[in-house]
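Contents: one structure, followed by commentary.
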């Protein structure tokens, strides 16, 4: 099962993990990653606004899932990405992978998160008392994606 959702409302990690475990005796590992809004700016941010390109974003997420499934033996996969206005420490993204073995689940989860950070059409804008600025991809994110180029 693949669950790919883009939404404004928050998600509940416990509920989502329970959903991927339902009635599957082959699952030996569940790996989850939750990304949070953090404030690394020189000026404290008041909020982060996330925008996306409807239709294109869902296709990009499905493509990421398809690539992961081609490379690793996986069970259920969930990706939930939030959009809209978010405060510091709010959840932005959830990636859950299941597999018979933990290595597949860990590696696939990391791969999908790396691709989400660099390839998915989401745009982040930090809003502070001094105005707003778009957040660009970091060099370290681009370097991480290079390790997956053979996939």
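Numbering (the working numbering), first residue to last: 850 to 1000. All C-beta atoms, glycine included, are put in the ideal place defined by N, C-alpha and C.
{"query": "Taking 8 Å as the threshold, find out whether the segment 947-954 comes into contact with the segment 891-898 through three or more Cβ pairs.", "result": "no"}
{"query": "Shortest alpha-carbon distance to residue 850 belongs to which of 906, 914, 978?", "result": "914"}
{"query": "Just to confirm before moving on: does the CB-CB distance between residue 860 and residue 940 stay below 8 Å?", "result": "yes"}
{"query": "How would you call residue 863, buried or exposed, if buried means at least 16 neighbouring beta carbons within 10 angstroms?", "result": "exposed"}
{"query": "Cβ of residue 971 within 7 Å of any heavy atom in the ligand ZN?", "result": "Of ligands this structure carries none, so the ligand ZN is not represented either."}
{"query": "In this structure, what does DSSP give as the bridge partners for residue 977?", "result": "894, 980"}
{"query": "Does the distance from the C-beta atom of residue 957 to that of residue 921 stay below 8 Å?", "result": "yes"}
{"query": "With a CB to CB cut of under 8 Å and the five nearest residues on each side skipped, what residues in its chain are close to residue 910?", "result": "853, 855, 928, 930, 965, 969"}
{"query": "Excluding the 5 residues flanking residue 880 on each side, which residues of the same chain have their C-beta closer than 6 Å to its C-beta?", "result": "946, 954, 955, 958"}
{"query": "How big is the Cα-Cα spacing for residue 903 and residue 944?", "result": "19 Å"}
{"query": "Which residues in the same chain as residue 924 place their Cβ atom closer than 7 Å to its Cβ, once the five residues preceding and following it in sequence are excluded?", "result": "873, 875, 876, 947, 948"}
{"query": "Should residue 937 be labelled buried (16 or more other beta-carbon atoms within 10 Å of its own) or exposed?", "result": "exposed"}
{"query": "Do residue 932 and residue 985 have their C-beta atoms within less than 8 Å of each other?", "result": "no"}
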